[in-house]
Amino acid sequence: MSGDPWRGPVLVTGTDTGVGKTVATSAITAAAQAAGLRVAVVKPGQTGTATGDPGDVDEVTRLAAPLTGRTLASFPDPLAPLAAARVAALPPLELYTVVDAVREETDKHDLVLVEGAGGLLVPMGLRPSGEPWTMADLAVALGCPAVVVARAGLGTLNHTALTLEALERRAVPAGVLLGAWPAEPELVHWANLSDLVPYLLGALPAGAGAIDPGVFRRSAPGWLTPALYGVLDDWRTWAEEVS
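Using our numbering, you'd call the opening residue of the sequence shown number 21 and step up by one each time.
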């Protein structure tokens with residue numbers, strides 16, 4: 021997928037939970053900052069904080085050191101944010117509170133990455149009307165494009181197509197980033213890559229989040245296409261090098 025580099029607010033969503041959104045957000049942050057941009061990362065709703073483990077913004081900060089990192093609300097249970105707020109008897113995320121926070125950071129940064137929770141249509145919080153809202157609704161409200169982080173293996177084509185279709189129906193521009201390309205890809209991985217190339221914005225190596233942060237930051241541009249401030253512009257050459 022080609023085009024001018026994305027600026028302003030950009031949604032980072034996924035086809036499911038555990039697909040690599042946080043490492044993808046970190047890679048985009050590192051590549052954009054290497055290109056001289058001021059980058060903010062906003063996590064509207066962090067769940068599963070009861071264990072005391074670092075949140076997603078903490079991980080992005082460790083790997084890529086964004087200029088600004090913000091988590092707008094945290095909930096103890098590892099559930100969808102709206103359900104987690106209800107279980108914990110905490111106020112749910114309000115859509116336009118999130119919109120205002122992202123726009124505030126957009127006024128001060130060149131690129132604002134907004135990392136979702138789970139997949140695109142996971143209930144995040146409530147509108148003023150009391151109706152649930154999703155990351156798709158946030159993308160529409162912000163008028164921003166979306167990076168869809170997807171798996172490389174079996175089952176990804178259906179999940180990715182459904183997510184892209186949901187975004188297209190809302191007139192949200194979108195591209196795909198493979199969250200974990202295996203060190204020893206099998207036939208299914210190569211077949212999926214071939215089908216997804218028209219939409220691809222990059223591919224991260226499996227285990228990228230465990231790389232030394234300095235190496236991670238230097239390597240990130242090689243995993244991403246120019247739309248995300250990387251240098252990957254020929255998938256055929258990339259595939260030959262990987263294989």
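In this text, a Cβ means the ideal position worked out from N, Cα and C, and glycines have one as well. Please read all numbers here as calculations on a predicted model, not as lab measurements.
Just confirm the distance between the C-beta atoms of residue i and residue j, as a whole number of angstroms; I'd bet it's less than 8 Å.
{"i": "residue 219", "j": "residue 196", "result": "4 Å"}
{"i": "residue 187", "j": "residue 181", "result": "So it is not a contact: roughly 11 Å between Cβ atoms."}
Drop a sphere of 10 angstroms on the beta-carbon of residue i, count the other beta-carbons inside from all chains shown, and report buried for 16 or more, exposed for fewer.
{"i": "residue 65", "result": "buried"}
{"i": "residue 200", "result": "buried"}
{"i": "residue 167", "result": "buried"}
{"i": "residue 214", "result": "exposed"}
{"i": "residue 184", "result": "buried"}
{"i": "residue 63", "result": "buried"}
{"i": "residue 125", "result": "buried"}
{"i": "residue 128", "result": "exposed"}
{"i": "residue 46", "result": "buried"}
{"i": "residue 171", "result": "buried"}
{"i": "residue 210", "result": "exposed"}
Identify the continuous beta strand (DSSP E) that holds residue i and give its terminal residues.
{"i": "residue 147", "result": "Counting along the chain, residue 147 falls outside any beta strand (DSSP E), and DSSP gives it neither H nor E."}
{"i": "residue 43", "result": "Taken as a continuous stretch (DSSP letters only), residue 43 belongs to no beta strand (DSSP E), being part of the alpha helix (DSSP H) at 41-54."}
{"i": "residue 62", "result": "59-67"}
{"i": "residue 101", "result": "Run containing residue 101: none in the beta strand (DSSP E); it sits in the alpha helix (DSSP H), 101-107."}
{"i": "residue 88", "result": "88-95"}
{"i": "residue 31", "result": "28-34"}
{"i": "residue 133", "result": "131-135"}
Taking the continuous alpha helix (DSSP H) assigned at residue i, which residues delimit it?
{"i": "residue 117", "result": "115-126"}
{"i": "residue 37", "result": "Run containing residue 37: none; DSSP gives neither H nor E here."}
{"i": "residue 83", "result": "76-84"}
{"i": "residue 248", "result": "Run containing residue 248: none; DSSP gives neither H nor E here."}
**Request:** Pair every Cβ in the stretch 35-43 with every Cβ in the stretch 129-140, then say whether three or more of these pairs are closer than 8 Å.
**Result:** Touching, yes, given that three or more Cβ pairs across the two stretches are closer than 8 Å.
**Request:** Identify every run of the beta strand (DSSP E) within the stretch 166-235, keeping only runs that are complete inside it and at least 3 residues long; order them along the chain.
**Result:** Within the stretch 166-235, the complete beta strand (DSSP E) runs of at least 3 residues are 166-170, 194-201 and 220-225.
**contact_flag[the stretch 143-163, the stretch 77-92] where n(CB pairs < 8 Å) is 3 or more** = Judged by Cβ distances under 8 Å, the stretch 143-163 makes no contact with the stretch 77-92, as fewer than three pairs qualify.
**Item:** Touching by the beta-carbon criterion (3+ pairs, under 8 Å), the stretch 152-172 and the stretch 67-80
**Value:** Contact between the stretch 152-172 and the stretch 67-80 is absent, because fewer than three Cβ pairs lie under 8 Å.
**Item:** Touch test, the stretch 99-116 against the stretch 245-260, Cβ-Cβ under 8 Å, three pairs minimum
**Value:** At 8 Å Cβ cutoff, the stretches do not touch.
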